[in-house]
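Undergrad: Residue numbers (this note's numbering): 87 to 482.
Glycine is no exception: its CB is placed at the ideal position from the N, C-alpha and C atoms.
This is the structure I want to talk about, given as structure tokens.
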Amino acid sequence: MNQRFSLQRGFGRVFRGETDINFIGHARRWFTISGVVILLGLASLLIRGLNFGIDFKGGVSWEVPSASLSVGQARAAISPFGLSSATVVTLGGGGGRTVQVQADLNTLSQTAKTAKEQAVSDALAKAAHVSSNQVSLTDVGPTWGGEITSKAIRALIFFFLAIAVYISLRFEPKMAIAALLAVVHDILVTIGIYSLSGFQVTPSTVIAVLTILGYSLYDTIVVFDRVKENITNMVHVGRRTYSDGVNDSVNQVLARSINTSTVAIIPILSVLVVGAYILGATTLKDFGLALFIGLTTGAYSSIFIASPILAWIKEREPRYKVLRQNIGSAQAKASRNSKFPNVTAKAATTAESIESKVAPELTPVASGSKSRLVNVDSLHGSNRPSSRNKSKGRRR
87 MNQRFSLQRG
97 FGRVFRGETD
107 INFIGHARRW
117 FTISGVVILL
127 GLASLLIRGL
137 NFGIDFKGGV
147 SWEVPSASLS
157 VGQARAAISP
167 FGLSSATVVT
177 LGGGGGRTVQ
187 VQADLNTLSQ
197 TAKTAKEQAV
207 SDALAKAAHV
217 SSNQVSLTDV
227 GPTWGGEITS
237 KAIRALIFFF
247 LAIAVYISLR
257 FEPKMAIAAL
267 LAVVHDILVT
277 IGIYSLSGFQ
287 VTPSTVIAVL
297 TILGYSLYDT
307 IVVFDRVKEN
317 ITNMVHVGRR
327 TYSDGVNDSV
337 NQVLARSINT
347 STVAIIPILS
357 VLVVGAYILG
367 ATTLKDFGLA
377 LFIGLTTGAY
387 SSIFIASPIL
397 AWIKEREPRY
407 KVLRQNIGSA
417 QAKASRNSKF
427 PNVTAKAATT
437 AESIESKVAP
447 ELTPVASGSK
457 SRLVNVDSLH
467 GSNRPSSRNK
477 SKGRRR
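Below you can see the structure in the form of structure tokens.
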């Protein structure tokens, strides 16, 4: 019961923007996690590469209309032809269900390729109990995939330039650098996951990757907008560093980031589960999988990558260096005073005592155009016996 109450209280603080998580202070931890994932992905790219679909590397695609033919039966039908690495998936459902087989036959001569295409068509038709004429055959050349790749690269370059100009004008160039580095992080992580998992890269994957870049930047810009607002109010007072301002901003928009990411990811999960695995739409699977990976990575990078990078860059500016040094000196002085409170209080009491003994109780009194100093007691008619009266009393 207490644990449940604590969880509810914790979530309540998150959604009220009352958290105080030190995101910037643990930047090394976030960078280490991302660095390990990226290095694993790059190593996999060098060793295994990416599993490009037929649209990129070229090949042959067979589609067999069948409501009963399974993926295993289709693989068994084409195994005598040495197509163990072929991709076999189901498309659609119900009466419109088809089985798609994709294989690379580019290494064969034209005559051998034509013969194998016909033999595979006959084998699939026999396994599905349909006529060979019902098996559709598509020959895809690798040039089309190359065109898609070159267009995607050009679109990515234009995207980077446009975003750099916009963020530089809307905020400042250093925020543009941090945002673009976070986008590069998202791309590398997504590509690395595809290489490690062996997921097939199709044109739908490329479109999805370009789509998630916009979402990643949207989340980052929301954080940076709050940073800009808070820095104006906090840092220039002289009591908070730039990193403190960024940290407060991230805590304030944490609930919004969680909400927007959740709302965006839930439909993608429905596309993956219903569209890809229940209905068997592989195009939706390719698109939804890339979106899911990218949205998750983008939500992570906007908080754990872009914000610490921005704080690290800005803290190198001279004015924020001086501000940090001044705040550090003040905190060190306060810490010393808190460690020795009795000594500090005793020193202050001693100083007051010495001042009361040394400083005469004199006050200025105007006398004509000039002022003179007189004893305070004489102004109030003090009844204190003077030293002369005391001496007279002794003689008597």
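(1) Judging by CA-CA distance, which residue of Tyr-406, Ala-153, Lys-212 is the nearest neighbour of Gly-331?
(2) What does the alpha-carbon distance come out to for the pair Glu-203 and Leu-132?
(3) Please state whether the Cβ-Cβ distance between Ile-389 and Ser-343 is less than 8 Å.
(4) Could you tell me how far apart the beta carbons of Leu-177 and Gln-188 are, in whole angstroms, since I believe they sit closer than 8 Å?
(5) Compare the C-alpha of Pro-289 against each of Pro-404, Gly-374, Leu-355 and name the closest.
(6) Are the beta-carbon atoms of Thr-383 and Thr-276 separated by less than 8 Å?
(7) Count the CB pairs spanning the stretch 269-287 and the stretch 121-132 that are closer than 8 Å, and state whether there are at least three.
(8) According to DSSP, what are the bridge partners of Ala-189?
(9) Can you tell me where the alpha helix (DSSP H) holding Leu-267 begins and where it ends?
(10) Here's the rule I'm using: 16 or more other beta-carbon atoms within 10 Å means buried, otherwise exposed. How should Val-309 be labelled?
(11) Between Ala-213 and Asp-225, what straight-line distance do the alpha-carbon atoms span, to the nearest angstrom?
(12) Is DSSP giving Thr-291 helix, strand or coil here?
(13) Could you tell me whether the stretch 257-264 touches the stretch 110-122, using the rule of 3 or more Cβ pairs below 8 Å?
(14) Grab the span of the beta strand (DSSP E) containing Asp-225 for me, first residue to last.
(15) Of all the options Ala-294, Thr-184, Leu-396, Ile-379, which has the alpha carbon lying nearest to the alpha carbon of His-215?
(16) Can the beta-carbon of Val-174 be found less than 8 Å from the beta-carbon of Ala-160?
(17) If the criterion is Cβ atoms closer than 8 Å, does the pair Asp-272 and Ser-415 meet it?
(18) Are the stretch 149-166 and the stretch 296-313 in contact at 8 Å, needing three or more beta carbon pairs?
(19) Using only CA atoms, which one of Glu-258, Arg-240, Leu-303 lies nearest to Ala-268?
(20) Going by the beta-carbon positions, is the gap between Ala-397 and Tyr-328 smaller than 8 Å?
(21) My understanding is that Phe-483 touches Ala-211, with C-beta atoms under 8 Å, so please give their C-beta distance in whole angstroms.
(22) Along the chain, where does the alpha helix (DSSP H) that runs through Leu-128 open and close?
(23) Can you name the start and end residues of the alpha helix (DSSP H) that Thr-348 belongs to?
(24) Across which residues does DSSP place Val-175 in a beta bridge pair?
(25) If you measure from the CB of Thr-276, is any heavy atom of the ligand COA nearer than 7 Å?
(26) In the DSSP assignment, the alpha helix (DSSP H) including Thr-105 goes from what residue to what residue?
(27) For Phe-138, which three-state DSSP category applies?
(28) CB Thr-105 to CB Leu-340, shorter than 8 Å?
(29) Alpha carbon to alpha carbon, what distance is there between Ser-207 and Ile-249?
(30) With distance defined between alpha-carbon atoms, name the residue in Leu-282, Trp-148, Ser-393 nearest to Asn-108.
(31) Arg-256: buried (16+ other C-beta within 10 angstroms of its C-beta) or exposed?
(32) What do you reckon, are the CB atoms on Val-287 and Phe-138 nearer than 8 Å?
(33) Residues in the same chain with beta-carbon distance under 7 Å from Val-336, minus the five sequence neighbours each way, listed in chain order, please.
(34) Within 10 angstroms of its Cβ, does Leu-355 collect 16 or more other Cβ (buried), or is it exposed?
(35) Is the beta carbon of Ala-209 sitting closer than 8 Å to the one on Ile-164?
TA: By the coordinates alone:
(1) Translated into the one-based positions of the sequence shown, residue 331 becomes position 245. Restricting attention to Tyr-406, Ala-153, Lys-212, the CA atom closest to the CA of Gly-331 is found in Tyr-406.
(2) Your numbering for residue 203 matches position 117 in the sequence shown. Your numbering for residue 132 matches position 46 in the sequence shown. Roughly 32 Å between the two C-alpha positions.
(3) Start at 1 with the first residue of the sequence shown, and residue 389 comes out as number 303. Start at 1 with the first residue of the sequence shown, and residue 343 comes out as number 257. Yes; because the gap between Cβ atoms is below 8 Å, this pair is in contact.
(4) Numbered from its first residue, the sequence shown carries residue 177 at position 91. Numbered from its first residue, the sequence shown carries residue 188 at position 102. At roughly 12 Å, the Cβ-Cβ gap does not stay under 8 Å, so Leu-177 and Gln-188 are not in contact.
(5) The residue labelled residue 289 in the question sits at position 203 within the sequence shown. Closest by alpha carbon: Gly-374.
(6) Start at 1 with the first residue of the sequence shown, and residue 383 comes out as number 297. Start at 1 with the first residue of the sequence shown, and residue 276 comes out as number 190. Cβ distance < 8 Å, so Thr-383 and Thr-276 count as in contact.
(7) Verdict: yes, contact present.
(8) Reading the sequence shown from its first residue, position 103 is the one you call residue 189. As computed with DSSP, Ala-189 is found in a beta bridge with Val-146.
(9) Within the sequence shown, residue 267 is the residue found at index 181, counting from 1. Its alpha helix (DSSP H) spans residues 259-283.
(10) Locating residue 309 in the sequence shown gives position 223, counting from the first residue. Answer is buried; the Cβ neighbour count reaches 16.
(11) Here residue 213 corresponds to residue number 127 of the sequence shown, with the count starting at 1. Here residue 225 corresponds to residue number 139 of the sequence shown, with the count starting at 1. A direct Cα-to-Cα measurement between Ala-213 and Asp-225 gives close to 22 Å.
(12) As a working mapping, residue 291 is identified with position 205 in the sequence shown. If DSSP states are grouped into helix, strand and coil, Thr-291 belongs with the helices.
(13) Contact fails between the stretch 257-264 and the stretch 110-122, because fewer than three Cβ pairs, one in each stretch, are under 8 Å apart.
(14) By one-based count along the sequence shown, residue 225 stands at place 139. Residues 222-226.
(15) Taking the first residue of the sequence shown as position 1, residue 215 is located at position 129. Ranking the options by Cα distance to His-215, first place goes to Thr-184.
(16) In the sequence shown, the residue the question calls residue 174 occupies position 88. In the sequence shown, the residue the question calls residue 160 occupies position 74. Contact: yes.
(17) Counting from one through the sequence shown, the residue named residue 272 turns up at place 186. Counting from one through the sequence shown, the residue named residue 415 turns up at place 329. Result no, Cβ atoms of Asp-272 and Ser-415 do not sit closer than 8 Å.
(18) Under the three-pair Cβ rule at 8 Å, the stretch 149-166 does not count as touching the stretch 296-313.
(19) Counting from 1 along the sequence shown, the entry for residue 268 is found at position 182. When the alpha-carbon of Ala-268 is set against those of Glu-258, Arg-240, Leu-303, the nearest one is in Leu-303.
(20) Along the sequence shown, read from residue 1 onward, the residue named residue 397 stands at position 311. Along the sequence shown, read from residue 1 onward, the residue named residue 328 stands at position 242. Yes; because the gap between Cβ atoms is below 8 Å, this pair is in contact.
(21) This structure does not reach residue 483, given that the chain is present from 87 up to 482, and the question cannot be answered.
(22) By one-based count along the sequence shown, residue 128 stands at place 42. Looking at the DSSP string, the run of the alpha helix (DSSP H) that includes Leu-128 is 113-133.
(23) In the sequence shown, the residue the question calls residue 348 occupies position 262. DSSP places Thr-348 inside the alpha helix (DSSP H), whose first and last residues are 328-356.
(24) Reading the sequence shown from its first residue, position 89 is the one you call residue 175. DSSP lists Gln-186 as the beta-bridge partner residues of Val-175.
(25) This structure does not include the ligand COA; it has no bound ligands of any sort.
(26) Looking up residue 105 in the sequence shown gives position 19. That residue, Thr-105, is in no alpha helix (DSSP H); it is neither H nor E in DSSP.
(27) Looking up residue 138 in the sequence shown gives position 52. Three-state result, Phe-138: strand.
(28) By 1-based counting over the sequence shown, the position of residue 105 is 19. By 1-based counting over the sequence shown, the position of residue 340 is 254. Yes.
(29) Counting from one through the sequence shown, the residue named residue 249 turns up at place 163. Counting from one through the sequence shown, the residue named residue 207 turns up at place 121. Rounded to whole angstroms, Ile-249 to Ser-207 spans 49 Å at the Cα level.
(30) The count along the sequence shown starts at 1 and reaches residue 108 at position 22. Closest in alpha carbon position to Asn-108, among Leu-282, Trp-148, Ser-393, is Ser-393.
(31) Taking the sequence shown and counting its residues from 1, the one referred to as residue 256 is at position 170. So Arg-256 counts as exposed.
(32) Sequence index remark: in the sequence shown, residue 287 carries index 201 (1-based). Sequence index remark: in the sequence shown, residue 138 carries index 52 (1-based). Taking a C-beta distance under 8 Å as the contact criterion, Val-287 and Phe-138 qualify as a contact pair.
(33) By 1-based counting over the sequence shown, the position of residue 336 is 250. Only Phe-109, Val-309, Ile-389, Ser-393 meet the Cβ criterion.
(34) To locate residue 355, count along the sequence shown from 1; it is residue 269. When all chains shown are included, Leu-355 counts as exposed.
(35) The count along the sequence shown starts at 1 and reaches residue 209 at position 123. The count along the sequence shown starts at 1 and reaches residue 164 at position 78. With a cutoff of 8 Å on beta-carbon distance, Ala-209 and Ile-164 are scored as near each other.
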